[in-house]
Amino acid sequence: MDLLDESGEIRATAFNEQVDKFMDMIEVDKVYFISGCTLKTANKQYSNLNNDYEMTFNKMTEVTPCHEASDIPTMQFNFVPLDQLESLEKDTILDIIGVCKEAMDVASITSKASGKELRKRDVQVVDDTNREVRLTLWGRQAENFDGTQQPVLAVKGAKLSDFNGRSLSLLSSSTLQINPDIREAHKLKGWFDNGGNTAETVNLSNQRGGGSAGMGSNFKTFGEAKLENLGSGDQADYYTTKASVVLIRKENCLYSACPSDGCNKKVVDMNNGLYRCEKCNREYDSFNWRLMLSANLADISDNQWVTVFQDQAEMLLGTTSSELGFMRENSPDKFQNIFTDAAFKNFSFKLRVKMETYNDESRLKTTVVACSPLEPKEYNRRLISEIKQMAGQS
DNA sequence: CCCCCCCC
1 MDLLDESGEI RATAFNEQVD KFMDMIEVDK VYFISGCTLK TANKQYSNLN
51 NDYEMTFNKM TEVTPCHEAS DIPTMQFNFV PLDQLESLEK DTILDIIGVC
101 KEAMDVASIT SKASGKELRK RDVQVVDDTN REVRLTLWGR QAENFDGTQQ
151 PVLAVKGAKL SDFNGRSLSL LSSSTLQINP DIREAHKLKG WFDNGGNTAE
201 TVNLSNQRGG GSAGMGSNFK TFGEAKLENL GSGDQADYYT TKASVVLIRK
251 ENCLYSACPS DGCNKKVVDM NNGLYRCEKC NREYDSFNWR LMLSANLADI
301 SDNQWVTVFQ DQAEMLLGTT SSELGFMREN SPDKFQNIFT DAAFKNFSFK
351 LRVKMETYND ESRLKTTVVA CSPLEPKEYN RRLISEIKQM AGQS
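When you line the first sequence up against full-length UniProt numbering, it's residues 1 to 394, in that order.
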């Protein structure tokens with residue numbers, strides 16, 4: 001818990017029995033007498049409270065509600081103007097205040113670490129330094145958030161991330177106040193309503209170019225990717241682009257793959273009802289159809305042949321590999337239509353470019369590592385930001 | 001004594 005009195009603030013932590021003893025009693029915004037804690041030096045990595053010390057509850061600790069009138073403030077912020085975020089280190093815990101310029105929809109993602117399904121909402125926060133940054137809300141807070149009135153958001157204890165430039169994320173220890181009745185909030189709202197809302201701002205998140213930005217945001221046209229010789233270095237280069245499917249080769253689009261979980265190696269038909277996998281060194285009585293497409297994609301600048309594997313291929317074709325395998329053998333018209341229908345659709349592609357050598361011949365190979373339907377809001381936001389950049393720099 | 005805090 002973060003504690004505050006008229007002189008300053010301090011974090012206190014209770015463990016185990018002390019949690020059981022006090023957690024029902026202690027509520028946010030209430031006032032207590034607290035005595036008998038242990039004092040220790042604070043690890044600044046985990047808190048930005050304005051105190052070099054922290055308190056730890058122990059067996060002797062007593063907590064009593066204070067019912068007397070007091071003029072203890074409810075929250076103390078150390079707001080960092082958004083134009084300072086670029087110079088701060090990743091993982092810094094900090095307080096910010098800004099206007100919620102835009103709120104994205106709630107999205108579901110799966111945590112890599114825990115495998116848990118998480119709900120998140122990104123909002124774009126702007127302040128009077130004319131910087132804007134992405135702030136991620138989680139769980140219930142993400143679901144309940146309403147950004148339609150462009151409220152002022154004051155966050156205590158947000159975490160700074162270096163993803164795509166700079167972005168912010170709420171932690172369970174963070175406090176989010178919406179339209180707080182504090183001087184800074186009124187000042188910011190005044191700025192926003194009197195020109196700030198249309199001011200040209202620098203987006204600290206999702207930065208373009210420069211090479212140092214995260215690859216997720218590394219948005220390029222095919223023409224730009226070629227001009228920059230992407231893929232010519234030792235390591236693979238990644239970029240994201242919006243492109244339409246020109247054509248997909250039907251020939252060799254499917255291969256019969258080892259049915260063993262996670263193997264996916266091409267099997268050899270033994271012509272006796274068995275299929276041999278050299279990798280597993282055994283024979284199976286069945287196989288799985290898997291997709292490996294050669295596709296031509298085009299944007300305004302150029303076109304590009306790419307390789308598309310299973311999951312991305314199913315997304316592009318709008319069918320599964322096993323359905324497609326069935327169609328190819330049983331209904332050629334349907335099979336043909338899948339490819340006709342896939343043409344001239346737009347997608348957002350994440351591409352990997354790498355120089356590959358075989359038979360003494362080196363050539364750039366472009367592989368689709370992810371593809372998704374175009375998100376109109378996100379796409380338009382990028383176009384608007386590019387137009388602003390062009391207008392501002394030329 | 002925690003300090004994991006998520007995704008892209």
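C-beta: ideal position from N, C-alpha, C; glycine also. Quick caveat: nothing in here was measured; it's all calculated off a predicted structure.
Practice problem: With a 10 Å radius around its C-beta and 16 neighbouring C-beta atoms as the bar for buried, classify Gly-209 as buried or exposed. | Solution: Confidence is the limiting factor: at Gly-209 the pLDDT is only 34, short of 50, which leaves the residue's position unreliable, though a coordinate-based value still follows. The residue in question, Gly-209, is exposed, as its Cβ has fewer than 16 Cβ neighbours within 10 Å.
Exercise. Compute the Euclidean distance between the alpha carbons of Leu-291 and Lys-279, then round it to the nearest angstrom.
Key: 19 angstroms
Quiz item: What residues in its chain sit with their C-beta under 7 angstroms from that of Ala-14, if we drop five residues either side in the sequence?
Solution: Phe-22, Phe-57
Quiz item: Hey, quick one: how far does the beta strand (DSSP E) through Thr-136 stretch, first residue to last?
Solution: 131 to 138
Quiz item: Where do the N-terminal and C-terminal ends of the alpha helix (DSSP H) with Gln-336 fall, by residue?
Solution: Where Gln-336 is concerned, the enclosing alpha helix (DSSP H) stretches over 332 to 342.
Quiz prompt | Cut-off 6 angstroms between Cβ atoms - residues of its own chain near Val-202, not counting five sequence neighbours on either side | solution = Arg-131
Quiz prompt | Cα-Cα separation between Asp-146 and Ser-321, rounded to whole angstroms | solution = 41 angstroms
Quiz item: With a Cβ-Cβ cutoff of 7 angstroms, do Leu-94 and Val-125 count as a contact?
Solution: The Cβ-Cβ distance between Leu-94 and Val-125 does not fall below 7 angstroms.
Quiz item: Secondary structure at Arg-166, three-state DSSP: helix, strand or coil?
Solution: coil
Exercise. May I have the straight-line CA-CA distance separating Leu-274 from Ser-294, to the nearest angstrom?
Key: 28 angstroms
Practice problem: Go ahead and pull the three-state DSSP assignment for Gly-273. | Solution: coil
Practice problem: State buried or exposed for Lys-220, treating a residue as buried only when at least 16 other CB atoms are found within 10 Å of its CB. | Solution: buried
Quiz prompt | Euclidean distance between Cα positions of residue 444 and Thr-110 | solution = A query on residue 444 cannot be resolved here, the shown segment of the chain reaching from 1 to 394 and no further.
Quiz item: DSSP beta-bridge partners for Pro-65?
Solution: Tyr-32
Quiz item: Which value, in whole angstroms, describes the spacing of the CA atoms of Thr-340 and Leu-316?
Solution: About 12 angstroms.
Practice problem: Output the distance between the C-alpha atoms of Thr-64 and Gly-36, rounded to the nearest integer angstrom. | Solution: Approximately 12 angstroms, taken between the alpha carbons.
Quiz prompt | Alpha carbon of residue 397 to alpha carbon of Ala-42, nearest angstrom | solution = The shown model of the chain, from 1 to 394, leaves out residue 397, and the question about it has no answer.
Self-check item: Simplified DSSP assignment, three categories, for Ala-142
Solution: helix
Quiz item: For the 8 angstroms Cβ check, are there 3 or more pairs between the segment 86 to 93 and the segment 66 to 78?
Solution: no
Quiz prompt | Leu-137 burial status per 10 Å Cβ neighbour count (16 or more: buried) | solution = buried
Exercise. Please look up how many angstroms separate the CB atoms of Leu-383 and Thr-367, rounded, as I've assumed it's under 8 angstroms.
Key: With a beta-carbon spacing of about 26 angstroms, Leu-383 and Thr-367 fall beyond the 8 angstroms limit used to define contacts.
Quiz item: If you check the beta carbons only, do Cys-253 and Val-267 fall under 7 angstroms apart?
Solution: no
Exercise. Apply the 10 Å Cβ neighbour rule to Val-155 and answer buried if 16 or more other Cβ atoms are within range, or exposed otherwise.
Key: Buried is the call here.
Quiz prompt | Beta-ladder partner(s) of Ala-257, from DSSP | solution = Lys-266, Asn-288
Self-check item: Secondary structure of Gly-214, DSSP reduced to three states
Solution: Low confidence applies here, because Gly-214 scores a pLDDT of 31, under 50, leaving its location unreliable; read the following figure in that light. If DSSP states are grouped into helix, strand and coil, Gly-214 belongs with coil.
Practice problem: Compute the distance between the beta-carbons of Val-106 and Gln-150, then report whether it is under 7 angstroms. | Solution: no
Self-check item: Nearest-angstrom Cα separation, counted from Arg-276 out to Met-104
Solution: 49 angstroms
Quiz prompt | Assigned exposure category for Pro-180 - 16 Cβ within 10 Å defines buried | solution = buried
Practice problem: State buried or exposed for Arg-183, treating a residue as buried only when at least 16 other CB atoms are found within 10 Å of its CB. | Solution: By the neighbour-count rule (16 or more Cβ atoms within 10 Å), Arg-183 is not buried but exposed.
Quiz item: In the DSSP assignment, what are the bridge partners of Phe-349?
Solution: Thr-241, Cys-371
Quiz item: Out of curiosity, what's the CA-to-CA distance linking residue 397 and Asn-144?
Solution: This structure leaves residue 397 out entirely; the chain is present only between 1 and 394.
Quiz prompt | Glu-9, enclosing beta strand (DSSP E) - first and last residue | solution = 8 to 13
Quiz item: Taking the alpha carbon of Phe-309 as the point to measure from, which residue in Cys-371, Asn-346, Lys-226, Leu-171 has its own alpha carbon closest?
Solution: Cys-371
Quiz item: With respect to the alpha helix (DSSP H) encompassing Leu-316, which residues constitute its N-terminal and C-terminal limits?
Solution: Per DSSP, Leu-316 is one residue of the alpha helix (DSSP H) stretching across 310 to 317.
Quiz item: For the candidate residues Glu-356, Ala-313, Phe-33, whose alpha-carbon lies nearest to that of Ile-338?
Solution: Ala-313
Exercise. May I have the straight-line CA-CA distance separating Gly-8 from Val-31, to the nearest angstrom?
Key: 14 angstroms
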